[in-house]
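Under my numbering, think of the first position of the sequence shown as 15, with each following residue one higher.
For each residue, glycine too, the CB sits at the ideal point set by N, CA and C.
This report concerns only the one structure given below.
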Amino acid sequence: MSRTRTQVGIVGAGPAGLTLGHLLHVEGIDTVILEDRSREHVEARVRAGVLEQGTVDLLVETGAGERLRREGLVHHGIELQFAGERHRIPLSDLTGGRSIVIYGQTEVVKDLIRLRLDSGRPLHFEVADVSVHDLETQAPLIRYRHEGRDEELECDAIAGCDGFHGICRPSIPAGVLSEFSREYPFGWLGILAAVAPSNEELVYAHHERGFALLSLRSPELGRLYVQCRPDEDLAEWPDERIWEELHTRLGLEGWTLAEGPILERGVTGMRSYVCEPMRYGRLFLAGDAAHIVPPTGAKGLNLALHDVRLLAEAFVEWFRTGRTAGLDAYSDTCLRRVWRAEHFSWWMTRMLHRAEDEDAFDLKLQLSQLRYVTTSPAAAASLAENYVGLENV
Ligand code: FAD
Ligand code: DHB
15 MSRTRTQVGI VGAGPAGLTL GHLLHVEGID TVILEDRSRE HVEARVRAGV
65 LEQGTVDLLV ETGAGERLRR EGLVHHGIEL QFAGERHRIP LSDLTGGRSI
115 VIYGQTEVVK DLIRLRLDSG RPLHFEVADV SVHDLETQAP LIRYRHEGRD
165 EELECDAIAG CDGFHGICRP SIPAGVLSEF SREYPFGWLG ILAAVAPSNE
215 ELVYAHHERG FALLSLRSPE LGRLYVQCRP DEDLAEWPDE RIWEELHTRL
265 GLEGWTLAEG PILERGVTGM RSYVCEPMRY GRLFLAGDAA HIVPPTGAKG
315 LNLALHDVRL LAEAFVEWFR TGRTAGLDAY SDTCLRRVWR AEHFSWWMTR
365 MLHRAEDEDA FDLKLQLSQL RYVTTSPAAA ASLAENYVGL ENV
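Following this line, the structure appears as structure tokens:
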């Protein structure tokens, strides 16, 4: 058994843990990042692709956005499709010039891992049996196994950035957390395809057969999703069926969806979840460890980075001055933005998906809502400011 010390022990090397490690390193604060999967696995996990302006600014301003600035695709609008028509929401015009950037989560993660390894600071992959202890004391502890050895890491604080299925949140004693959740009776089947995107901007499509989304990763890589069952068996979805469904749901007169070889595919269930507070003693939860949203609003990664920005600022204040105001306010401040994103993601999801238990009345309401957000400047502006990321929430 060997025992080491650090200021902040970070569990999880997803976007939240890696960004927190980076922000604290820049401020001269010592961290150790522990990840139970391999580097290859973490770098290959295809997930989010839409970065809010605030997320981009954070990465660029702290020196983690060099490739993002070069390769990220700035988008000034999105399209909503329903009843056989496409309508543009001009995001930038409606938000005083703000925009989104298309840049894969995989790329954000690769950039942050490279920076971390270059800094020489510890980032351990493939650790096993991670557990957190003594959370209500001044010296919380992380135990884990790495390269065949049992290790103990003594910390001033622990950041639980280990995602929805991690161990940090379940280590908080029963009765401390309030949990709020909603399951949806559908999921997304997502593909990455070697094909130039057929549309310049993202298309969110409402269709009687279910939702579909046309997105992209680069001028050569398309990212597309179709609504499916939450437990959909990929074996029932040969390539032809996926493309057929995409053609049907995204189809429009005078427009053709280009096909290409499918490089990656997966099914994601959809859930809304929040736990409160995002802190127990000296354990601070951030990102998916504390809250998840259905992907329709493109908010998960952005919320994770917002959490760790606040957490990093609070740690800097604490280590520099001993003041705990930032840490004490951390959970409440995060949760305001979290709940705004929860509402927006739930709202977008309800507006765009078809559920089996819904009837003709629900359909009429969806279509009316879609008509409203695509014709009323006030309603469109509300969607736009949420989509690009609200300031000061
Ligand atoms: P994670 O990315 O889950 O990282 C947690 C890390 O902790 C993982 O690396 C995991 O291996 C590790 N870990 C788990 N348990 C342990 C343990 N016991 N010990 C050590 N390490 C552990 N968000 C957006 O903002 N925009 C989008 O467009 C978008 N689209 C999405 C599309 C899909 C299909 C999916 C699935 C998600 C999407 N999201 C999107 C959500 C986004 O991907 C997540 O919100 C984001 O990954 C959260 O980051 P995180 O670091 O909090 O958690
Ligand atoms: C992507 C994912 C989303 O959840 C979304 O709302 C928009 C785009 C994507 O993976 O490109």
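Quick one: what does DSSP say residue i is sitting in, helix, strand or coil?
i: A219; result: strand
i: D302; result: helix
i: T151; result: coil
i: C175; result: coil
i: T282; result: strand
i: F358; result: helix
i: A188; result: coil
i: S229; result: strand
i: H367; result: coil
i: T109; result: coil
i: V330; result: helix
i: A78; result: coil
i: W269; result: strand
i: A142; result: strand
i: E246; result: coil
i: V60; result: coil
i: L404; result: coil
i: I181; result: coil
i: V209; result: coil
On a CA-only basis, which of the options is nearest residue i? Give me that one, please.
i: H90; options: L227, L319, G110 and L34; result: G110
i: I181; options: W269, A142, E405 and L73; result: A142
i: L248; options: G201, A27 and T363; result: G201
i: L381; options: M362, P391, A78 and I186; result: M362
i: G31; options: T18, L105 and D176; result: D176
i: Y117; options: E75, G86 and P187; result: G86
i: R61; options: D50, V209, G283 and L299; result: G283
i: V123; options: H36, D376 and A398; result: H36
i: R128; options: L260, E399 and G77; result: G77
i: G28; options: R17, I43 and L48; result: L48
i: Y158; options: L206, T18, E66 and E121; result: T18
i: R84; options: L203, S232, E273 and K313; result: S232
i: G68; options: G340, P391, R163 and V322; result: V322
i: R183; options: Y239, A300 and R354; result: A300
Excluding the 5 residues preceding and the 5 following residue i in the sequence, name in chain order all residues of the same chain whose CB lies nearer than 6 Å to its CB.
i: F225; result: Q241, L366 and H367
i: V70; result: V115
i: E41; result: V330
i: A304; result: C289 and M292
i: G23; result: V46, I156, L167, C169 and I172
i: R337; result: E331
i: E193; result: C289
Does the beta carbon of residue i fall short of 7 Å from some heavy atom of ligand 1?
i: E372; result: no
i: D342; result: no
i: E49; result: yes
i: L34; result: no
i: N400; result: no
Considering only heavy atoms of ligand 2, does any lie closer than 7 Å to the CB of residue i?
i: A312; result: yes
i: L227; result: yes
i: P309; result: yes
i: R350; result: no
i: R237; result: yes
List the residues that DSSP assigns as beta-bridge partners of residue i.
i: Q21; result: Its beta-bridge partners do not exist; DSSP assigns none.
i: D164; result: R159
i: E197; result: R285
i: Y294; result: L297
i: Y239; result: G204 and L227
i: T45; result: V22
i: R102; result: E93
i: S16; result: E165
i: I127; result: I127 is not bridged to any residue.
Please work out which residues of its chain come closer than 8 Å, Cβ to Cβ, to residue i, disregarding the five sequence neighbours upstream and downstream, and give them in chain order.
i: R296; result: L149, E150, T151, Q152, P154, C169, D170, A171 and I172
i: H357; result: none
i: R351; result: L317, H320, L404 and V407
i: I103; result: G91, I92, E93, L94, V387, T388, A394, L397, A398 and Y401
Among residues of its own chain, excluding the 5 on either side of residue i, which ones have a beta-carbon nearer than 7 Å to its beta-carbon?
i: H160; result: H138 and V141
i: Y294; result: L149, I186 and V190
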